[in-house]
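**Q**
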């Protein structure tokens, strides 16, 4: 099933969020997406196995090494910013944890990853659609999703 505005709304109705591929490098999308969640006052956990924390606007946010380290993983909607092979492994882990909602940023998936996500998760944002030129993206479509979910 293709992603839609109702999928976007459903993703942002989650009580918690995580960003897999959150980065300490301010030039990378893993940082920009994590910062977007922080700047919108959403309860978000950065997932980065190589850094103890990610600093945004002078405040440090402790990282966790994997989805398995999240408290309440089943209540967490996950944005993913990793290469397709890593994304597939992340989705397999997410499925085992009962995660229901995933947002696959542009560049994080191929046909196999998208098919796996759509077969195994209730809410999947990824692929064609959204308001950006590269498909669904938190940085482009997120505020619209927050508004439709009543969080903005």
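Numbering (full-length UniProt numbering), first residue to last: 1 to 152. Note that beta-carbon positions come from the ideal geometry of N, C-alpha and C, so glycine has one too. Here the structure is a predicted model, which means the values were calculated and not measured.
At 4 residues or longer, and completely inside the segment 35-117: list those alpha helix (DSSP H) runs for me, N to C.
**A** You should have 84-97.
**Q** The beta strand (DSSP E) spanning residue 123 covers which residue range?
**A** Segment 123-125, the beta strand (DSSP E) holding residue 123.
**Q** For residue 140, which residues from the same chain have a beta carbon less than 8 Å from its beta carbon, with the 5 sequence-adjacent residues on both sides left out?
**A** Only 130, 131, 132 meet the Cβ criterion.
**Q** In the DSSP assignment, the alpha helix (DSSP H) including residue 10 goes from what residue to what residue?
**A** Here the alpha helix (DSSP H) through residue 10 covers 5-11.
**Q** Which residue wins for smallest C-alpha separation from residue 73, given the options 146, 124, 15, 81?
**A** Of 146, 124, 15, 81, the residue nearest in Cα terms is 15.
**Q** Between residue 82 and residue 30, what straight-line distance do the alpha-carbon atoms span, to the nearest angstrom?
**A** Approximately 8 Å between the Cα atoms of the pair.
**Q** I need the boundaries of the alpha helix (DSSP H) containing residue 147, first residue and last residue.
**A** Element bounds for residue 147: 138-148.
**Q** Report the rounded CA-to-CA distance for residue 146 versus residue 5, giving the unit in angstroms.
**A** Computed Cα separation, rounded: 11 Å.
**Q** Just to confirm my understanding: we take residue 93, look at its own chain, exclude 5 residues before and 5 after, and list those with CB closer than 8 Å. What are they?
**A** 66, 67, 68.
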